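Trainee:
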Amino acid sequence: MLIIAYILVISGCRQQLNLYNEVPTISSPEKLEYTIKPFQLDAGINDTFKFKWYSILHKNDEDFIFIHNLVKDRFQIYNLSSNTKIYEQPRLNYIAGSENFDEINSVYFHDFDSIFIAQEYLITLMDTSKVLSSISINDPTGKSKLHYRNYDHAPIYYDPIDTSIQIETKCIKCYQHSKKFYENPVESAINLNDLSVSNFPIFYSKLYLNNYYGFNNHVHRSIKERTSIYSFSMDSNIYVFNKNDSSINIFGGKSQYQNSSVQPLLKKNKYSTDLKFEHLTTNPYYNKVIFDKFRGYYYRFFSKEIPLKNSDGTYNSWGDKELVLMIFDTEFNLLKEINFGQHKYNPYRSFVAKEGLFLFIVGKGNEALKFNILTLKE
Amino acid sequence: MKLLSYSSLIFILLLSSCAQKFERQKELINYLTNVHQVELNNSKNIIILQSGFCGACTDAVVNFVLDNFNDLDKETIIILTSDRKDLVKKLQTLGGNVKLLVDNNSRIAKYGLRYSSDMFFRMDGSSISYWTFIKEEKLKSIRKHIK
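See the structure below:
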């Protein structure tokens, strides 16, 4: 009898621990007006782009973009304000490794004398002429439980105040379909002076502890001064971690366009890549939150749920999802939502600069970089 | 009782030996006929190389196709789901009754046929007599069906 009571108490406690709370979204609709202006990066005649990693620097009232251009494997810097290329060097002048092995998985453009390049086992600090230093990361023997790298949605960030690199963290000794995987911190800081690693007290959304969501487990992180803003792809909440006092605040960030909750995926489908992709496609998906320091707004991208099959018998894929831009004030009051519809913008390559929100226009092939700049009217 | 369990066992064995039905057969036929104007009036091999999907269409699969579909009498249609010039160049070397098609506009996704693995179909007219994802453990089985 005592044992049963004990089990009940323990399981009750466990349930309590995993209790997820969807924070209500405070909606304060404002008549925000905006303009849209096209912008095309001047790549010069016959030059083309294929890139995954980029980083934006604002300096002396101008904006610069650092790109790892996979076409001819080059590092390039463009002045966005004057729309001119100001730097180009072959990647191999600085960073070794082939495209497949030890490929670059993140870049951070802190300044012209401090550009950080992350690979699986190395973070390199370079300026525009040479490599300045590098540090080893991750254990190549695979003995460590935690692995530090950008898994596509949380690029590295250099914090000059504590001279550390913030980097996404995952348990590589845990299966992604096991609860243990989601009990680990999602980000850490590697101190560049003594190479010590501190794991942030930020963990996956509790929803992941209760159910399995397949590929819908992306961690998006962006930065506002000393705070890190986390967005989990299937959770409407926004998690803000302040490094100054280690506080965590959770805000509601649900889109009015979300009409259904994310459905869990049966664990028996854990090895079916196709079913996991279909699940990712059909369910709601919350993308990154970006802070607009020039105007004092947060932007969040949201991709609406979509049926797998349309009434005409055709199928939908990831690119068919409608993209919504959510605009919040600094207290995360939701001010406005703009539904861009389908096939228009790629949120991963969209960013904030002085002129506004650069929305990357979806295109095919290696064409020039085209954006629409959305500027909110003051 | 014993007889019953034996017959159950045979029944299970029979079932497991049958190829699993391809659930999007209708979509496949519509895709082949609408997008590529393939005439499904005889028996032929259809290979879909998911070249637009990261991780699919590996060297191992391409080499398997090059080794096993060269100079076949049987009509073989190879569909690339993206215009990868390197693959087009390699596959154009195939002799015999091979036709190479490229899905330039990713129409395959609209027909629900974008999978994470490459696929082999043996068509008899407009019905699928055998199909499988092209994986290491299935290569032996595919070889049996291509001629």
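Top line first, the protein sequences correspond to chains R and W.
Quick note on numbering: the first sequence equals residues 1 to 378 in this note's numbering.
Quick note on numbering: the second sequence equals residues 1001 to 1147 in this note's numbering.
Idealized CB from N, CA, C, for every residue including glycine.
Note that the coordinates shown come from a computational prediction; the quantities given were computed from them, not determined experimentally.
W/D1103: which of W/S1116, W/K1140, W/I1078 sits nearest, CA to CA?
Mentor: Numbered from its first residue, the second sequence carries residue 1103 of chain W at position 103. Minimum Cα distance to W/D1103 is reached at W/I1078.
Trainee: Just curious, the beta strand (DSSP E) that R/K59 is in, first and last residue?
Mentor: Position 59 of the first sequence, counted from the first residue, corresponds to residue 59 of chain R. Element bounds for R/K59: 51 to 59.
Trainee: My understanding is that R/I167 touches R/S188, with C-beta atoms under 8 angstroms, so please give their C-beta distance in whole angstroms.
Mentor: For the purposes of this step, residue 167 of chain R is taken as the residue at position 167 of the first sequence. For the purposes of this step, residue 188 of chain R is taken as the residue at position 188 of the first sequence. Confirmed, Cβ separation roughly 6 angstroms.
Trainee: May I ask you to list, following chain order, the residues of the segment 1111 to 1140 of chain W that have a beta carbon less than 7 angstroms from some beta carbon of chain R?
Mentor: The residues in question are Y1111, G1112, R1114, Y1115, S1116.
Trainee: Under 7 angstroms between C-beta atoms, does W/A1109 make it to chain R?
Mentor: Numbered from its first residue, the second sequence carries residue 1109 of chain W at position 109. Yes, contact with chain R.
Trainee: Taking 7 angstroms as the CB-CB cut-off, is R/Y315 touching chain W?
Mentor: As a first step, residue 315 of chain R must be located in the first sequence, where it is residue number 315. R/Y315 counts as touching chain W.
Trainee: Please report the residue range of the beta strand (DSSP E) in which R/Q76 lies.
Mentor: Position 76 of the first sequence holds residue 76 of chain R. Taken as a continuous stretch (DSSP letters only), the beta strand (DSSP E) holding R/Q76 covers 74 to 79.
Trainee: Per DSSP, R/H386 is paired with what?
Mentor: An answer regarding residue 386 of chain R cannot be provided, because it is not within the stretch 1 to 378 covered by chain R.
Trainee: Whose Cβ in chain W lies nearer than 7 angstroms to the Cβ of R/T273?
Mentor: For the purposes of this step, residue 273 of chain R is taken as residue 273 along the first sequence, with counting starting at 1. Within chain W, the residues near R/T273 are S1116.
Trainee: Mark W/E1027 as exposed unless 16 or more other C-beta atoms lie within 10 angstroms of its C-beta, in which case mark it buried.
Mentor: Taking the first residue of the second sequence as 1, we reach residue 1027 of chain W at position 27. The residue is buried, with at least 16 neighbouring Cβ atoms inside 10 Å.
Trainee: I need the boundaries of the alpha helix (DSSP H) containing W/K1144, first residue and last residue.
Mentor: The residue you call residue 1144 of chain W lines up with position 144 of the second sequence. Counting along the chain, the alpha helix (DSSP H) containing W/K1144 begins and ends at 1139 to 1145.
Trainee: Quick check on the DSSP output: what are the complete beta strand (DSSP E) runs of length 3 or more inside the segment 118 to 175 of chain R, in order along the chain?
Mentor: The segment 118 to 175 of chain R contains these whole beta strand (DSSP E) runs: 122 to 126, 131 to 136, 146 to 148, 157 to 159, 164 to 171.
Trainee: Can you check DSSP and say which residues form a bridge with R/Y345?
Mentor: Translated into the one-based positions of the first sequence, residue 345 of chain R becomes position 345. The partner list for R/Y345 (beta bridge, DSSP) reads R/I361.
Trainee: Name the one or two DSSP bridge partners that R/E337 has.
Mentor: For the purposes of this step, residue 337 of chain R is identified with residue 337 of the first sequence, where counting begins at 1. Partner(s): R/M326.
Trainee: Would you kindly report the start and end of the unbroken alpha helix (DSSP H) that includes W/E1027?
Mentor: Position 27 of the second sequence, counted from the start, is the residue given in the question as residue 1027 of chain W. Taken as a continuous stretch (DSSP letters only), the alpha helix (DSSP H) holding W/E1027 covers 1025 to 1030.
Trainee: So, are the CB atoms of R/N282 and R/S317 less than 7 angstroms apart?
Mentor: Locating residue 282 of chain R in the first sequence gives position 282, counting from the first residue. Locating residue 317 of chain R in the first sequence gives position 317, counting from the first residue. The amino acid at residue 282 of chain R is misidentified as Asn; the sequence shows Thr. Cβ distance not < 7 angstroms, so R/T282 and R/S317 don't count as in contact.
Trainee: Could you give the distance in angstroms between the alpha-carbon of R/D102 and the alpha-carbon of R/L92?
Mentor: Sequence index remark: in the first sequence, residue 102 of chain R carries index 102 (1-based). Sequence index remark: in the first sequence, residue 92 of chain R carries index 92 (1-based). In a straight line, the C-alpha of R/D102 is about 13 angstroms away from that of R/L92.
Trainee: Against chain W, which members of the segment 26 to 52 of chain R pass a CB distance test of less than 7 angstroms?
Mentor: Against chain W - using a Cβ distance shorter than 7 angstroms - the segment 26 to 52 of chain R contributes no residues.
Trainee: Where does R/R91 fall in DSSP's three states?
Mentor: The residue labelled residue 91 of chain R in the question sits at position 91 within the first sequence. If DSSP states are grouped into helix, strand and coil, R/R91 belongs with the helices.
Trainee: What do you get for R/E183, buried or exposed, if any count of 16 or more other CB atoms within 10 angstroms of its CB means buried?
Mentor: Locating residue 183 of chain R in the first sequence gives position 183, counting from the first residue. Exposed, by the Cβ-count rule.
Trainee: Out of R/K59, R/P24, R/L19, point me to the one whose CA is closest to R/A353's CA.
Mentor: Along the first sequence, one-based indexing puts residue 353 of chain R at 353. The candidate whose alpha carbon is nearest that of R/A353 is R/K59.
Trainee: Which first and last residues belong to the alpha helix (DSSP H) in which R/D274 is found?
Mentor: One-based indexing of the first sequence puts residue 274 of chain R at position 274. Taken as a continuous stretch (DSSP letters only), the alpha helix (DSSP H) holding R/D274 covers 273 to 282.
Trainee: Give the interface partners of R/F360 over in chain W, defined as CB-CB distance under 9 angstroms, in chain order.
Mentor: Residue mapping note: residue 360 of chain R aligns to position 360 of the first sequence, counting from 1. None at all; the shortest Cβ gap to chain W is about 19 angstroms.
Trainee: Going along chain W in order, which residues have a C-beta closer than 8 angstroms to the C-beta of R/F277?
Mentor: Your numbering for residue 277 of chain R matches position 277 in the first sequence. Neighbours of R/F277 on chain W, chain order: S1116.
Trainee: Out of R/N138, R/F51, R/F112, which has the shortest C-alpha to C-alpha gap to R/L57?
Mentor: The residue given as residue 57 of chain R occupies position 57 in the first sequence. Out of R/N138, R/F51, R/F112, R/F112 has the C-alpha closest to the C-alpha of R/L57.
Trainee: Can you tell me which residues form a DSSP beta bridge with W/W1131?
Mentor: Here residue 1131 of chain W refers to the residue found at position 131 when the second sequence is read from its first residue. Its beta-bridge partners are W/F1121.
Trainee: With C-beta atoms as the reference, is R/L32 less than 7 angstroms away from R/K224?
Mentor: Taking the first residue of the first sequence as position 1, residue 32 of chain R is located at position 32. Taking the first residue of the first sequence as position 1, residue 224 of chain R is located at position 224. Not in contact: R/L32 and R/K224 (Cβ atoms no closer than 7 angstroms).
Trainee: At the level of alpha carbons, what is the spacing between R/N286 and R/N138?
Mentor: Looking up residue 286 of chain R in the first sequence gives position 286. Looking up residue 138 of chain R in the first sequence gives position 138. Correcting the residue identity first, residue 286 of chain R is Tyr in this sequence and not Asn. Computed Cα separation, rounded: 29 angstroms.
Trainee: When you compare each of R/R295, R/P264, R/E120, R/S129 to R/P90 by their alpha carbons, which one comes out closest?
Mentor: As a working note, residue 90 of chain R is residue 90 in the first sequence. Comparing Cα positions, the closest option is R/S129.
Trainee: In the DSSP assignment, what are the bridge partners of R/A353?
Mentor: On the first sequence, residue 353 of chain R is found 353 positions in, with the first residue counted as 1. R/G356.
Trainee: Please check if any C-beta of chain W sits within less than 7 angstroms of the C-beta of R/G363.
Mentor: Residue 363 of chain R sits at position 363 when you count from the first residue of the first sequence. No, R/G363 lies away from the interface with chain W (no Cβ there is under 7 angstroms from its Cβ).
Trainee: Can you tell which of R/R300, R/L376, R/E322, R/K180 has its C-alpha closest to the C-alpha of R/N259?
Mentor: On the first sequence, position 259 is the one that residue 259 of chain R refers to. It is R/E322.
Trainee: Around the C-beta of R/H147, are 16 or more other C-beta atoms found within 10 angstroms, so that it is buried, or is it exposed?
Mentor: Numbered from 1 along the first sequence, position 147 holds the residue referred to as residue 147 of chain R. R/H147 comes out buried.
Trainee: Closest by CA to R/Y297, which one among R/L266, R/K267, R/G319, R/E331?
Mentor: Here residue 297 of chain R is taken as the residue at index 297 of the first sequence, counted from 1. The option with the nearest alpha carbon to R/Y297 is R/E331.
Trainee: So R/Q276 and R/F328 are in contact, right, with Cβ under 8 angstroms, and what is the actual spacing, rounded?
Mentor: By 1-based counting over the first sequence, the position of residue 276 of chain R is 276. By 1-based counting over the first sequence, the position of residue 328 of chain R is 328. According to the sequence provided, residue 276 of chain R is Lys. The question's Gln does not apply to it. The Cβ separation is near 30 angstroms, so there is no contact.
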